[in-house]
Amino acid sequence: MAYNLVDGKRHAPVTLALLLLNIVCFFWVELHGSSENTEDMIRWGALYGPLVFQNQEYWRFLTAAFLHFGIGHLANNMLIFFLLGDNLERALGHVKYLVFYLLCAVGSNIFSLFMGLEDMEYTVGAGASGAIYGVIGGLLWALIRNRGRLEDLSTGQIAFFVLLSLYYGFSDSGVDNSAHIGGLLIGFLLSILMYRVRKKRNNRNEDWDAADVDGERW
5 MAYNLVDGKR HAPVTLALLL LNIVCFFWVE LHGSSENTED MIRWGALYGP
55 LVFQNQEYWR FLTAAFLHFG IGHLANNMLI FFLLGDNLER ALGHVKYLVF
105 YLLCAVGSNI FSLFMGLEDM EYTVGAGASG AIYGVIGGLL WALIRNRGRL
155 EDLSTGQIAF FVLLSLYYGF SDSGVDNSAH IGGLLIGFLL SILMYRVRKK
205 RNNRNEDWDA ADVDGERW
């Protein structure tokens, strides 16, 4: 893990890799059809209940988290992920953060599907928002454990963002609020299990702190 000597923050390669993967998947779908065509989205891995249960295509719980309906959907999700994801990656460490993100992605889609069983024959789901809400849930716990501050974030900022996002989500019939709520809860619970507050080192180890490129201790 490289150390940024300019701003004192370690880089977040997992966040960057996940962000780029979402972008690549979007343009792949666009090159082979349209991201706003439900049949094309199903073909490339969007969440569709009948195929999950009848054909046992459980891999869709993961692939759906890397697909987006249109450039606006992608841009909104990636902007939020870009702004918040690196904070949690530095808090958890690279490996735990990757596991955390993938569990939130899969878990939020499972939650969404089972919450919408009555309409599953008519609903096609895709998007990284469930995983991103998982990241937000994880940050909430990290902030609580750090007495309301984590780098440049505060509990009030994250709480306000969550309430505002959920409000707009419930105001728009096209938003999968079940995935958002599921991701938020799963992320919060996973963070309780995975996050550990770092102990401050004494003055004798300040020089070593800057040279410690591994940073995280499990």
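Numbering-wise (my numbering), the sequence shown opens with residue 5 and increments by one. Glycine included, every Cβ here is placed at the ideal spot set by N, Cα and C.
1. Could you give the distance in angstroms between the alpha-carbon of V179 and the alpha-carbon of G173?
2. Alpha carbon to alpha carbon, what distance is there between V139 and C108?
3. Does the structure place the stretch 42-55 close enough to the stretch 84-98 that three or more beta carbon pairs sit under 8 Å?
4. Sorted by chain position, which residues of the same chain lie with C-beta nearer than 7 Å to W212's C-beta, five sequence neighbours on each side aside?
5. Please report the distance separating the alpha-carbon of R208 from that of V201.
6. Can you list, in chain order, the residues of its chain with a C-beta nearer than 8 Å to that of E40? Leave out the 5 residues immediately preceding and following it.
7. Confirm, please, whether the CB-CB distance from F65 to A132 is below 8 Å.
8. Given L88, which residues of its chain have a CB within under 7 Å of its CB, disregarding the five upstream and five downstream residues?
9. Counting only the same chain and skipping the five closest in sequence on each side, list residues whose C-beta sits under 8 Å from that of L55.
10. Looking at the unbroken alpha helix (DSSP H) that takes in M82, where does it start and where does it end?
11. Taking the CB atoms as reference points, tell me whether A79 and G129 lie closer together than 8 Å.
12. Report the rounded CA-to-CA distance for T19 versus N113, giving the unit in angstroms.
13. Measure the CB-CB distance between Y137 and L188 and report whether it falls below 8 Å.
14. Of all the options Y171, E125, D90, which has the alpha carbon lying nearest to the alpha carbon of D156?
15. Under 8 Å by Cβ, that's how I've got F70 and C29 pegged, so tell me the actual separation to the nearest angstrom.
16. Alpha carbon to alpha carbon, how far is I190 from L147?
17. Closest by CA to N150, which one among S116, I196, F165?
18. For L170, which residues does DSSP report across the bridge?
19. From the DSSP secondary-structure annotation, give me the bridge partner or partners of G129.
20. So, for T1: in the same chain, excluding its five sequence neighbours on each side, which residues have a beta-carbon less than 6 Å away from its beta-carbon?
The relevant details are as follows:
1. 6 Å
2. 8 Å
3. no
4. Only weak support exists for where W212 lies, its pLDDT of 30 falling under 50; the value from the coordinates is given anyway. Answer for W212: no residue qualifies.
5. Note on R208: pLDDT 43, under 50, position unreliable in the model; no value is reported.
6. F73, G74
7. no
8. V139, I140, L143
9. I46, E61, R64
10. 74-96
11. no
12. 20 Å
13. yes
14. D90
15. 4 Å
16. 16 Å
17. I196
18. BP columns for L170 are empty, so no partner.
19. L51
20. There is no way to answer for residue 1, as the model of the chain reaches only from 5 to 222.
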